[in-house]
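Residue numbers (the UniProt record's numbering): 1 to 231.
Each residue gets a CB set at the ideal place from its N, CA and C atoms; glycine is no exception.
Below: the structure, in structure tokens.
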Amino acid sequence: MSNFSNFTGPTELLQGSLDRILPDVVTRPPIDGYAISSYGNFNETIYGLTNCRRDIPADACLACIAEAARILPTVCPRSADARIWYDTCFLRYGTDEFIGSVDTVNGGLILMNVLNATDPESFDKIVVELMHTVWKSALVSGNKRFAFGFKAFSPNVTIHSMVQCTRDLPAAACNHCLANAIGLFPNYCRFRQGCQVIYSSCAVRYEIYDFLFHENYTNHYAIQSYKTVLL
């Protein structure tokens, strides 16, 4: 999914800056799956950011970023502000100096599992407790704005959760973004078997399957159905 606006300055200069930004964020080895860049002067400056899910290996991170950089200019041509979300990475560029600033107003995405949980009240209580636990954990400096957790709901069902902010955010800004995202759960995610709220600065998620990367990782999107809401 992408969000964009048209160029507002001299097209050739902005396009030239953009042409420099994309190769830079793709070819620069990301530090823990994260890279920022900028190019240009004054009104012709383009800022870029890439952020991978922290559990993803470096090769998968680089492949995801490369694909995002290839696709985004084609779906958002002649755009000064664009962003694209994948399951494992995020790419954004724009003329506003957004690095280090929280953004929960310029577009977002909610993915809700179409199925409700059994014993929904008990399920929702565990989700709330789990999300608040990983929320606070992500703010600890050593965790690099990422945290995950899980808790058994029944003998056969375990709830898995994850939160992540882009690495450019200070703790207070990350906390603000996660608070906004988790604050949408009562209106959109309550009783759902799984749900994600994704902003340009952070993402929160829970599922009844293990979606983090490991040796036996399986992409469950093929067997799960989700409803999408654009913010």
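Asked: The stretch 45-58 contacting the stretch 104-120, beta-carbon criterion three pairs below 8 angstroms; Found: no
Asked: Cβ-Cβ separation, Leu139 to Cys174 (assumed contact under 8 angstroms), whole Å; Found: 6 angstroms
Asked: Ala222 to Thr228 span [Cα, whole Å]; Found: Residue confidence is low: Ala222 scores 48 on pLDDT, short of 50, so the model does not pin down where it sits. Its coordinate-derived value is still stated next. Each residue's Cα considered, the two are about 15 angstroms apart.
Asked: Spatial neighbours of Ile110 in its chain, beta-carbon cut-off 6 angstroms, leaving aside the 5 residues before and after; Found: Tyr188, Val197 and Val229
Asked: Complete beta strand (DSSP E) runs within the UniProt domain "Gnk2-homologous" (105-211) (minimum length 3 residues, chain order); Found: 108-113, 146-154, 157-165, 195-199 and 202-207
Asked: In DSSP terms, what Leu91 is bridged to; Found: Thr50 and Ile84
Asked: Inter-residue Cα distance where the pair is Gly149 and Leu14; Found: 42 angstroms
Asked: Bridge-paired residues (DSSP) for Ser37; Found: Gly48
Asked: N- and C-terminal bounds of the beta strand (DSSP E) containing Leu230; Found: Tyr226 to Leu230
Asked: Arg167 classed as buried or exposed, judged by whether at least 16 other C-beta atoms fall within 10 angstroms; Found: buried
Asked: Three-state class that DSSP yields for Ala222 in the structure shown; Found: For Ala222, the predicted model reports a pLDDT of 48, less than 50, meaning its position is unreliable and no value from the coordinates is stated.
Asked: Glu67 in three-state terms, based on DSSP; Found: helix
Asked: CB of Ala34 within 7 angstroms of CB of Ile21, strictly; Found: Looking at the sequence itself, residue 34 is Tyr, so the reference to Ala does not match. The answer is no: Cβ separation not under 7 angstroms.
Asked: Top-ranked residue by Cα proximity to Leu115, from Arg192, Asp24 and Thr27; Found: Arg192
Asked: Three-state secondary structure (DSSP) of Asp59; Found: helix
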